[in-house]
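Below: the structure, in structure tokens.
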Amino acid sequence: VFLLTGLRVVFDLPAELRANWVFQSAGGEGGARGTARRVMLFFTLGPLALLVLPHSLWHLGWARGLTHTAFLALLYLFFTDVLLVSFHKIPFTCAHLPGRRNPAIGFASFLAAFFVFISLASELDRWILAQPWRLLAVALFGIVVWRTVKPHLEGIGGNRDAVIFEEEREPAVRTLGIAGV
125 VFLLTGLRVV FDLPAELRAN WVFQSAGGEG GARGTARRVM LFFTLGPLAL LVLPHSLWHL
185 GWARGLTHTA FLALLYLFFT DVLLVSFHKI PFTCAHLPGR RNPAIGFASF LAAFFVFISL
245 ASELDRWILA QPWRLLAVAL FGIVVWRTVK PHLEGIGGNR DAVIFEEERE PAVRTLGIAG
305 V
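Number 126 in this note's numbering belongs to position 2 of the sequence shown; there are no gaps in the numbering.
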């Protein structure tokens, strides 16, 4: 969880702003989130499986060990998607405006969400391990709910296919936009 969150935070920080033009000239529509997702999963899901699978097989047996590892993989996929809901940048190439978010509030929110997520995931894992077939029911239910909720979450931030190449400053005066101006 910490590695995924750290990767997501680092993706927002610019490493080479001049590389931005390549993606702008190529169009860059819709590929930013997919690329970020593949990178996050490559660096986290593979090593997780290599570390957890042998340990789970040794301590839990074949059926429960595979079930536990599959459950953790599903959690990783879900958490990666949650982290990338509002991500519309190409990693390391977008100008970053400091001060847009309060770090203390962000950290407190992350810690609260982390403890709730870990608590719920642990209880769900324990429930699934009692009867490994339950993983299929949980996975199907989770997929249906996530596919229903995700488009609504992506629509909150505006155009979900648009790629942001430079962050814009907040306007000095914010209008409600109700007069059509």
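Where is the CB? At the ideal position from N, CA and C, for every residue including glycine.
As the structure is a prediction and not an experimental result, all values here were calculated from the model.
Where the alpha helix (DSSP H) containing residue i begins and where it ends
i	result
TRP186	186-207
LEU127	126-135
Anticipated Cβ contact below 8 Å, residue i with residue j, distance rounded
i	j	result
GLY158	PHE202	GLY158 to PHE202, Cβ: 16 Å. No contact.
ARG132	LEU207	4 Å
ARG209	GLU278	What sits at residue 209 in the sequence shown is Val, not Arg. Contact holds; Cβ gap of about 6 Å.
Environment of residue i [buried if 16+ CB atoms lie within 10 Å]
i	result
ILE252	buried
GLY230	exposed
PRO256	buried
THR191	buried
GLY189	buried
PHE239	exposed
PHE135	buried
Spatially closest choice to residue i from the options, by CA coordinates
i	options	result
LEU181	PRO171, THR193, LEU259, LEU248	THR193
LEU198	THR168, PRO178, LEU131	THR168
LEU128	ALA236, ASP249, THR204, TRP270	THR204
ALA173	ALA160, ALA254, TYR200	TYR200
PHE195	ASP249, PRO178, LEU175	ASP249
ALA187	ILE302, VAL268, ALA254, ALA228	ALA254
VAL112	LEU137, LEU235, ARG162	Examination of residue 112 is not possible in this model, given that the chain is present from 125 through 305 alone.
ALA160	GLY130, ALA232, GLY185, PRO178	GLY130
ALA245	SER233, ALA263, ALA228	ALA263
LEU137	VAL269, ALA228, PHE211, THR272	PHE211
Length at least 4, wholly inside the region 221-278: the alpha helix (DSSP H) runs in chain order = With a minimum length of 4 residues, the continuous alpha helix (DSSP H) runs that stay inside the region 221-278 are 227-254.
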